[in-house]
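In full-length UniProt numbering, the protein residues as written are 1 to 222.
Worksheet for the structure shown next.
Have a look at this one:
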């Protein structure tokens, strides 16, 4: 019995150590708070005043910039809601475009920007085309494609010409403007002359006849 007594004491101490370790681990796990699971509801998780986000191309050159007085981020769809936004298109070799509205929602890391309430897009003039303005209650900007679209009624002003219509798509790369259903069109004489081809040159002349500009507005039937 005396020979077994030290072994029993050692076994008891070992069991006590195992039980104490298990209790300490369980207590620590219950005492330390864990992060709650990610909520899938549309709730803000971050905000910023004087919001600014700039997207660049593969060479690091800025292609568009979105700024506003206040911005909120929503993790469920990774969107940003911006108050008093100003979206600027800065792609090389294309006229600068500036879009404003009361609010804007940016999706897909800036690949799609929806401008809501009193939306206005201004495209600066260049050597070939006069300035272009589009006003609507909603404008959708696709910066990667350099497109601006809307399915709502829109007022398009190009130089001295005006067009009211429902549904519009403007391609800033090709300067092509499509209005899906126009209701009122006022084309200035200067724009009419610009769109008309010039007379053919006399026989024997090497000059090629002029073509109507590719950027003239077109109407697309629904």
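C-beta: ideal position from N, C-alpha, C; glycine also.
None of these values were measured; they are calculated from a predicted model.
| Item | Value |
| --- | --- |
| Contact check, residue 67 vs residue 53, beta carbons under 9 Å | yes |
| Residue of 129, 108, 126, 25 minimising C-alpha distance to residue 78 | 108 |
| Pick from 110, 41, 87 that is closest to residue 76, judged by C-alpha positions | 41 |
| Reduced DSSP secondary structure (H/G/I, E/B, other) of residue 147 | strand |
| Own chain, CB closer than 6 Å to residue 185, minus 5 neighbours either side, in chain order | 163 |
| Within 9 Å, strictly: CB atoms of residue 141 and residue 84 | no |
| Reduced DSSP secondary structure (H/G/I, E/B, other) of residue 101 | coil |
| Reduced DSSP secondary structure (H/G/I, E/B, other) of residue 76 | coil |
| Cut-off 6 Å between Cβ atoms - residues of its own chain near residue 157, not counting five sequence neighbours on either side | 133 |
| Bounding residues of the beta strand (DSSP E) (the contiguous stretch that carries residue 137) | 132-142 |
| When 94, 46, 21, 29 are compared against residue 125, the one with the closest alpha-carbon | 94 |
| Enclosing beta strand (DSSP E) for residue 96 [first to last residue] | Where residue 96 is concerned, there is no enclosing beta strand (DSSP E), given that its DSSP letter is neither H nor E. |
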